[in-house]
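Residue numbers (UniProt numbering): 1 to 197.
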């Protein structure tokens, strides 16, 4: 057996008493390092499937990647970002409107769908809604018989590109806005027109 004798100055002796504690800390540090290494390896493992798994239509929507948002409406003719709902419908007259050209440009640029603001916050409808006169039917465009939504839907269908419609929940033109029951009936009526038209 080898005997080791140390001659330490008096002020160093408390450190010697801490030596077992320091060894214990070192041991735990080593264990912590091992655990953290295992944890890091676990993080790099592929994740388990997440539930719920999207339906085929949801997956198709997610894989579509690019959608072109067409922010077109009364504001296009009033040079304003958000209309007040009081612009004269006679201002809406897109004589050169070509929905097929919109869709062709979108498809050529790699977009898989187009989304149209069928009605923005100003309340002007790009289809002849039966629920309001504040729509294309009160404009001079195509003698009040035009329907931007129908034309874009037909062009998208013909080109095999997806179509989405934005129907603003806020309507600055509609007087029943703010009266929940009445406005919900109005809004659901317009939504039904768009989904079934």
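Quick reminder that beta carbons are idealized off the backbone N, C-alpha and C, glycines included.
Small disclaimer: the values here were computed from a predicted structure and weren't measured.
Looking at C-alpha atoms only, which residue of the options is the closest neighbour of residue i?
i	options	result
residue 117	63, 59 and 166	166
residue 90	72, 143, 81 and 84	143
residue 141	178, 158, 96 and 76	96
residue 69	60, 122 and 105	105
residue 108	186, 59 and 161	161
residue 92	145, 176 and 168	145
residue 198	147, 151 and 65	Outside the shown range of the chain, which is 1 to 197, sits residue 198, and nothing can be said about it.
residue 77	139, 59 and 115	139
residue 121	48, 73 and 79	73
residue 147	119, 55, 46 and 184	119
residue 129	113, 115, 60 and 174	174
residue 133	112, 181 and 186	186
residue 157	112, 169, 184 and 188	112
residue 85	183, 182, 170 and 181	170
residue 94	75, 81 and 80	75
Could you give the DSSP three-state label for residue i: helix, strand or coil?
i	result
residue 270	Here the chain comprises residues numbered 1 to 197, so residue 270 is not present and cannot be evaluated.
residue 4	Reliability fails at residue 4, whose pLDDT of 48 lies under 50, so the model's placement of it is uncertain and the value that follows must be treated cautiously. Correct three-state label for residue 4: coil.
residue 200	Since the first residue shown for the chain is 1 and the last is 197, residue 200 is missing from the structure and cannot be characterised.
residue 149	helix
residue 50	coil
residue 177	coil
residue 23	Unreliable positioning characterises residue 23 in this predicted model, as indicated by a pLDDT of 49, which lies under 50. A coordinate reading is not provided.
residue 68	strand
residue 90	helix
residue 184	helix
residue 79	coil
residue 144	helix
residue 104	helix
residue 56	helix
residue 158	helix
residue 109	coil
residue 99	helix
residue 84	coil
Could you check how far apart the C-beta atoms of residue i and residue j are, in whole angstroms? I think they sit under 8 Å.
i	j	result
residue 164	residue 87	Contact flag wrong, Cβ pair sits at about 25 Å.
residue 136	residue 194	That belief does not hold up - the Cβ atoms of residue 136 and residue 194 are roughly 13 Å apart, past 8 Å.
residue 190	residue 131	5 Å
residue 159	residue 99	The Cβ separation is near 10 Å, so there is no contact.
residue 83	residue 124	7 Å
residue 197	residue 102	So it is not a contact: roughly 19 Å between Cβ atoms.
residue 152	residue 114	7 Å
Could you tell me which residues DSSP pairs with residue i in its beta bridges?
i	result
residue 117	166
residue 135	125
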